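*Asks:* For reference, the structure I am asking about is given below.
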Ligand code: SF4
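Written out as C-alpha cells, the structure is:
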C-alpha cells in the first residue's frame with residue numbers, strides 16, 4: 050500500500066482517519082494541510098492530535114516532497130525548474146507567463162517510452178513513471194517560487210496517457226476544492242496519440258482539456274517523426290477522437306510541429322483539413338525547436354503562415370506558436386536536452 054499521504058484523495062484520508070479511530074474531518078485536515086498549505090511532514094498538520102500524528106508515523110505514513118534543484122530564467126519571462134529524483138534522474142517543468150496568467154507545463158514520467166524524433170526527452174532513457182505526488186508537487190514548488198499557477202498543461206517530459214492512473218489521480222488532487230482548486234477546464238492533457246488512452250479519458254469522470262500531437266496528415270510522414278505511429282495509425286487515432294467527441298461533446302486541440310520539407314506543404318495542409326473536417330477542433334502550429342542531434346529543421350515562418358491560411362480558410366481555427374524559453378532549453382521539445390550528448 051502506498052504510504053505517501055500526498056497521493057491520497059480526501060475520501061481515502063477520511064477512511065484512514067476512521068481506521069485509526071478518528072473522526073472523518075481529521076482526514077480533511079490532512080488533505081487541506083498537504084495540498085493547500087504545503088505541509089512537509091505529518092508533524093506540521095497541527096490541528097490533529099499528537100497521538101494520531103504519532104500513530105500515522107509509526108505505521109510508516111509520510112508526506113513526500115520534491116524540491117527544485119535548479120531554476121533557469123529566460124529573458125522572455127519563461128522559467129524552467131529542474132527537480133532531482135534521487136536516482137540520478139531528473140525531471141523538468143516550465144512556467145509560461147501570458148497576460149498576467151501563469152501556466153505550468155509539467156512532466157509525468159522521467160524519460161519517455163514514445164521516442165518522438167522531434168523531442169529531446171524522447172532521446173533519453175525511460176526511467177520510470179512519476180507518482181501522483183511527484184506530479185502535483187511540480188505545481189506546488191513552482192507556485193512557491195513564482196506565485197499562483199492558473200493553468201496546468203501535461204505536456205512536459207513523458208506521455209501522460211502512458212501513466213494514465215497516476216496522471217488522472219494527480220488531476221483529481223489538483224482539482225479538489227479543498228486543495229488547489231484548479232478548474233478542470235484549466236488543465237490540459239496532451240498525448241502523442243494513444244487511442245486506448247483517449248477512449249479511457251473520454252469516459253473518465255474528470256474531463257480535462259485534450260491536446261493531440263498529430264504532426265502529419267499521413268501515416269508515412271508520421272512514422273518518420275514519431276515511432277508510435279507504427280503502432281497507432283491515424284485511422285485508429287481519429288476513430289478514438291470521434292468516440293471522445295461523441296462521449297464528451299468537447300472540442301480538442303491538434304498540435305502540429307512544423308518540419309521543413311517533411312510535413313509543411315500546401316498539399317499536406319489540405320490533407321489535414323480533410324482529416325479534421327468532421328471534428329470541433331483547433332490547431333496549434335508549433336515552430337520546431339531542434340535539440341542537439343535533432344535530424345530535422347524548422348519550417349520557415351512564411352511556410353507556417355501559408356499552412357495556417359489553408360486551415361483557417363477551411364474554418365479550422367489555427368494559431369502559430371512561436372518559440373518560448375528557447376535560451377534555457379525550455380521550449381516545446383527541448384526538455385531534457387541538457388542531458389543529451391553535445
Ligand atoms: S513529445 Fe511527448 S510523447 Fe513524444 S517523446 Fe517527447 S515527451 Fe514523449
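Numbering (the numbering used here), first residue to last: 50 to 391.
Ideal Cβ placement from N, Cα and C applies to all residues, glycine included.
Quantities reported herein were computed from a predicted structural model and do not represent experimental measurements.
As a quick exercise: from 384, 117, 91, pick the residue whose alpha carbon is nearest that of residue 6.
*Replies:* Any property of residue 6 remains undetermined from this structure, which presents the chain solely from 50 to 391.
*Asks:* Looking only at its own chain, which residues have a Cβ that is under 6 angstroms from the Cβ of residue 160, when we skip the five neighbours before and after it?
*Replies:* Position 111 of the chain shown holds residue 160. Closer than 6 angstroms at the Cβ level, and outside the excluded window around residue 160, lie 173, 174, 175, 176.
*Asks:* I think residue 374 touches residue 125, with their Cβ atoms under 8 angstroms apart; what is that distance to the nearest whole Å?
*Replies:* To locate residue 374, count along the chain shown from 1; it is residue 325. To locate residue 125, count along the chain shown from 1; it is residue 76. With 8 angstroms as the limit, residue 374 and residue 125 qualify as a contact, their Cβ atoms being about 7 angstroms apart.
*Asks:* Name the DSSP beta bridge partners of residue 240, please?
*Replies:* Position 191 of the chain shown holds residue 240. Residue 240 is bridged to 261.
*Asks:* Examine the ligand SF4 and report whether any of its heavy atoms sits within less than 6 angstroms of the Cβ of residue 343.
*Replies:* Looking up residue 343 in the chain shown gives position 294. For the ligand SF4, not one heavy atom lies less than 6 angstroms from the Cβ of residue 343.
*Asks:* Can you pull every residue whose C-beta falls closer than 5 angstroms to some heavy atom of the ligand SF4, listed in chain order?
*Replies:* Going by the Cβ distance cut-off, the answer is 161, 163, 165, 168, 170, 171, 208, 241.
*Asks:* Please go through the same chain and pick out, in chain order, the residues whose beta-carbon is closer than 8 angstroms to the beta-carbon of residue 291, but skip the five residues on each side of it.
*Replies:* Numbered from 1 along the chain shown, position 242 holds the residue referred to as residue 291. 327, 328, listed in sequence order.
*Asks:* Please return the same chain residues whose Cβ sits closer than 6 angstroms to the Cβ of residue 395, not counting the five positions on each side in sequence.
*Replies:* Shown here, the chain extends from 50 to 391; a query on residue 395 therefore has no answer.
*Asks:* Per DSSP, what kind of secondary structure is residue 323 in: helix, strand or coil?
*Replies:* Within the chain shown, the letter at position 274 stands for residue 323. In the structure shown, residue 323 sits in a helix (DSSP, three-state: H, G or I).
*Asks:* Confirm, please, whether the CB-CB distance from residue 386 to residue 369 is below 7 angstroms.
*Replies:* Position 320 of the chain shown, counted from the first residue, corresponds to residue 369. Position 337 of the chain shown, counted from the first residue, corresponds to residue 386. Cβ atoms of residue 369 and residue 386: not closer than 7 angstroms.
*Asks:* Kindly indicate which three-state DSSP category residue 358 falls into: helix, strand or coil?
*Replies:* By one-based count along the chain shown, residue 358 stands at place 309. Helix, per DSSP.
*Asks:* In chain order, what residues of the same chain lie with their CB nearer than 7 angstroms to the CB of residue 73, ignoring the 5 residues before and after it?
*Replies:* By 1-based counting over the chain shown, the position of residue 73 is 24. 63, 66, 67, listed in sequence order.
*Asks:* Sorted by chain position, which residues of the same chain lie with C-beta nearer than 7 angstroms to residue 191's C-beta, five sequence neighbours on each side aside?
*Replies:* Indexing the chain shown from 1 puts residue 191 at position 142. 130, 142, 144, 153, 198.
*Asks:* Would you tell me roughly how many angstroms separate the C-alpha atoms of residue 171 and residue 88, rounded to the nearest one?
*Replies:* As a first step, residue 171 is located in the chain shown; it is residue number 122 there, counting from the start. As a first step, residue 88 is located in the chain shown; it is residue number 39 there, counting from the start. Those two C-alpha atoms are separated by around 34 angstroms.
*Asks:* Are the beta-carbon atoms belonging to residue 180 and residue 215 less than 7 angstroms from one another?
*Replies:* For the purposes of this step, residue 180 is taken as residue 131 along the chain shown, with counting starting at 1. For the purposes of this step, residue 215 is taken as residue 166 along the chain shown, with counting starting at 1. Yes, Cβ-Cβ distance for residue 180 and residue 215 is below 7 angstroms.
*Asks:* Just to confirm before moving on: does the CB-CB distance between residue 475 and residue 331 stay below 7 angstroms?
*Replies:* Any question about residue 475 goes unanswered here, given that the chain covers just 50 to 391.
*Asks:* What does DSSP give as the partner residue(s) for residue 307 in the beta ladder?
*Replies:* Position 258 of the chain shown, counted from the start, is the residue given in the question as residue 307. 336, per the DSSP bridge assignment.
*Asks:* Work out the CA separation of residue 99 and residue 155 for me, nearest whole Å.
*Replies:* One-based indexing of the chain shown puts residue 155 at position 106. One-based indexing of the chain shown puts residue 99 at position 50. Cα to Cα, the separation comes out at about 36 angstroms.
*Asks:* Quick check on DSSP: helix, strand or coil for residue 121?
*Replies:* Numbered from 1 along the chain shown, position 72 holds the residue referred to as residue 121. Three-state DSSP puts residue 121 in a strand.
*Asks:* Rounded to whole angstroms, how far is the Cβ of residue 320 from the Cβ of residue 266, which I believe are closer than 8 angstroms?
*Replies:* As a first step, residue 320 is located in the chain shown; it is residue number 271 there, counting from the start. As a first step, residue 266 is located in the chain shown; it is residue number 217 there, counting from the start. That belief holds up - the Cβ atoms of residue 320 and residue 266 are roughly 4 angstroms apart, short of 8 angstroms.
*Asks:* Report all residues from its chain with a CB closer than 6 angstroms to the CB of residue 114; omit the five preceding and five following residues, and keep chain order.
*Replies:* Here the question's residue 114 lines up with position 65 in the chain shown. If we look at residue 114 and ignore the five residues flanking it on each side, its Cβ neighbours are 89.
*Asks:* Please tell me whether residue 204 and residue 227 are closer than 7 angstroms, where the distance is taken between their beta carbons.
*Replies:* Looking up residue 204 in the chain shown gives position 155. Looking up residue 227 in the chain shown gives position 178. The answer is no: Cβ separation not under 7 angstroms.
*Asks:* Under 7 angstroms, do residue 345 and residue 286 count as touching if we go by C-beta distance?
*Replies:* Looking up residue 345 in the chain shown gives position 296. Looking up residue 286 in the chain shown gives position 237. Contact flag unset, no.
*Asks:* Helix, strand or coil for residue 151 per DSSP?
*Replies:* As a first step, residue 151 is located in the chain shown; it is residue number 102 there, counting from the start. Residue 151 falls in the strand class under three-state DSSP.
*Asks:* Give me the Cα-Cα distance between residue 84 and residue 105, rounded to the nearest whole angstrom.
*Replies:* For the purposes of this step, residue 84 is taken as the residue at position 35 of the chain shown. For the purposes of this step, residue 105 is taken as the residue at position 56 of the chain shown. Taking the straight line joining both Cα atoms gives about 18 angstroms.
*Asks:* Residues in the same chain with beta-carbon distance under 6 angstroms from residue 382, minus the five sequence neighbours each way, listed in chain order, please.
*Replies:* In the chain shown, counting from the first residue as 1, residue 382 sits at position 333. Counting only Cβ-Cβ distances below 6 angstroms, and skipping sequence neighbours, we find 167, 168, 338.
*Asks:* Check the C-beta distance from residue 247 over to residue 305 and give it rounded, since I have them as a contact under 8 angstroms.
*Replies:* Translated into positions along the chain shown, residue 247 becomes position 198. Translated into positions along the chain shown, residue 305 becomes position 256. Not confirmed; about 17 angstroms, so no contact.
*Asks:* What are the boundary residues of the beta strand (DSSP E) that includes residue 203?
*Replies:* In the chain shown, residue 203 corresponds to position 154, counting from 1. Element bounds for residue 203: 200-203.
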